[in-house]
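Under this note's numbering, the first residue of the sequence shown is numbered 4, with each subsequent residue one higher.
Glycine is no exception: its CB is placed at the ideal position from the N, C-alpha and C atoms.
What follows is a set of notes on a single structure, which appears directly below.
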Amino acid sequence: MLFDIHVHSDLSPCSHLPLSDILKHARRRGLDGVCITDHGTMAVGSSVREGVQEDGLCVIVGMEYTTPQGDFLVFGPLEHLPQGLDAQDLLARVDCAGGAAVAAHPFRPGRSVLESVFTANACRLVEAVNGRNPAAANEQALALIRRRNLVGLGGSDAHSLAELGRMATRIHTPVHGRNDFIRALRQGRCQHHVMPLPPAPHPLAQACPTGPGQGHMGHAPAGEPGLPARGIASGEASPALR
Numbered sequence: 004m005l006f007d008i009h010v011h012s013d014l015s016p017c018s019h020l021p022l023s024d025i026l027k028h029a030r031r032r033g034l035d036g037v038c039i040t041d042h043g044t045m046a047v048g049s050s051v052r053e054g055v056q057e058d059g060l061c062v063i064v065g066m067e068y069t070t071p072q073g074d075f076l077v078f079g080p081l082e083h084l085p086q087g088l089d090a091q092d093l094l095a096r097v098d099c100a101g102g103a104a105v106a107a108h109p110f111r112p113g114r115s116v117l118e119s120v121f122t123a124n125a126c127r128l129v130e131a132v133n134g135r136n137p138a139a140a141n142e143q144a145l146a147l148i149r150r151r152n153l154v155g156l157g158g159s160d161a162h163s164l165a166e167l168g169r170m171a172t173r174i175h176t177p178v179h180g181r182n183d184f185i186r187a188l189r190q191g192r193c194q195h196h197v198m199p200l201p202p203a204p205h206p207l208a209q210a211c212p213t214g215p216g217q218g219h220m221g222h223a224p225a226g227e228p229g230l231p232a233r234g235i236a237s238g239e240a241s242p243a244l245r
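In structure tokens:
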């Protein structure tokens, strides 16, 4: 199953992508599922039922959470996370709740994830390819995954319809809802995947709130967004989490 694990609805101040457009176009982009990960909120869950929709699309509600050590996509019963957590505290809370946390765009200039997070083995899920990253940042993430034997995933980081489905995660087990999705991530039954779509326009600079847990600049830095070097269209099957 192909999931775009990193999509922002217009509940993220820097996004111009209505929930209705996500639901209407995701299947047309070749996706089996989408994760809506707005900055600092899971409020979109009040507007869409998690799980499989009438057209077969599986919707998962998550959140992009900002810490001083970097940004993380978090999934699980985490609607009431307090603001201002550091990475260690956030990851501990996610694990205690039986959830999953993915280090988002770990080498994006200005919004990188400190490598100490991976050195301490606190986070083993990494966004290997991000549709808004310059190619060099994705290459660095792929190198990190190989070097530390981490689990690589892919997400578009879509803030507009043109970006939806640019990158994805292939999940090697059926997913019907949040629990299935989290189990697949925690077991490492997934790998990053570059979708065969035409190039997206370069993202516009749109500022997101910068308070703790609330998000960041919602645009890619200068450079060609997204695609890693030829020959890395899909990752190797990832090892199970230890």
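- Contact check, A138 vs H108, beta carbons under 8 angstroms: The answer is no: Cβ separation not under 8 angstroms.
- Spatial neighbours of V51 within its chain, please: CB distance less than 8 angstroms, with the 5 preceding and 5 following residues excluded, ordered by chain position. Counting only Cβ-Cβ distances below 8 angstroms, and skipping sequence neighbours, we find L22, L26, I39, V62 and V64.
- Determine the contact status of H175 and G54, defining contact as a CB-CB distance below 8 angstroms. Not in contact: H175 and G54 (Cβ atoms no closer than 8 angstroms).
- Task: Kindly identify the DSSP beta-bridge partner or partners of C38.
- Result: The secondary-structure analysis by DSSP pairs C38 across a beta bridge with I63.
- First through last residue of the alpha helix (DSSP H) which encompasses F121: Its alpha helix (DSSP H) spans residues S119 to T122.
- Span of the beta strand (DSSP E) holding V178? Neither: V178 is in no beta strand (DSSP E) and is coded neither H nor E.
- Hey, could you find the ends of the beta strand (DSSP E) E130 is sitting in? In the DSSP assignment, E130 falls within the unbroken beta strand (DSSP E) covering L128 to N133.
- Message: Only counting the same chain, and skipping five residues up and downstream in sequence, which positions put a Cβ closer than 7 angstroms to that of V47?
- Response: So the list reads S12, L14, L22, I39, D41 and V64, once near-sequence residues are dropped.
- Query: If you draw a straight line from the alpha carbon of F184 to that of M4, how long is it in whole angstroms?
  - Reply: Cα-Cα distance, rounded: 11 angstroms.
- Near T44, what residues of its chain come up, given a Cβ to Cβ distance below 7 angstroms and the 5 sequence neighbours on each side ignored? Cβ contact annotation for T44 (same chain, cutoff 7 angstroms, sequence separation greater than five): L14 and M66, in chain order.
- Should S159 be labelled buried (16 or more other beta-carbon atoms within 10 Å of its own) or exposed? Buried is the call here.
- Item | Nearest-angstrom Cα separation, counted from A187 out to R151 | It is roughly 20 angstroms from the alpha-carbon of R151 to the alpha-carbon of A187.
- DSSP state of T213 mapped onto helix, strand, coil: Interpretation of T213 is limited by its pLDDT of 46, a score under 50 that renders its predicted location unreliable; the figure taken from the coordinates is listed afterwards. Note: T213 maps to coil in three-state DSSP.
- Pair within 8 angstroms by beta-carbon distance, A100 and L81: Yes; because the gap between Cβ atoms is below 8 angstroms, this pair is in contact.
- What do you get for G155, buried or exposed, if any count of 16 or more other CB atoms within 10 angstroms of its CB means buried? Flag for G155 reads buried.
- Task: Tell me, to the nearest whole angstrom, how far the beta carbon of D24 is from that of L164; I am working on the premise that it is less than 8 angstroms.
- Result: Right, the Cβ-Cβ distance comes to about 5 angstroms (below 8 angstroms), so this counts as a contact.
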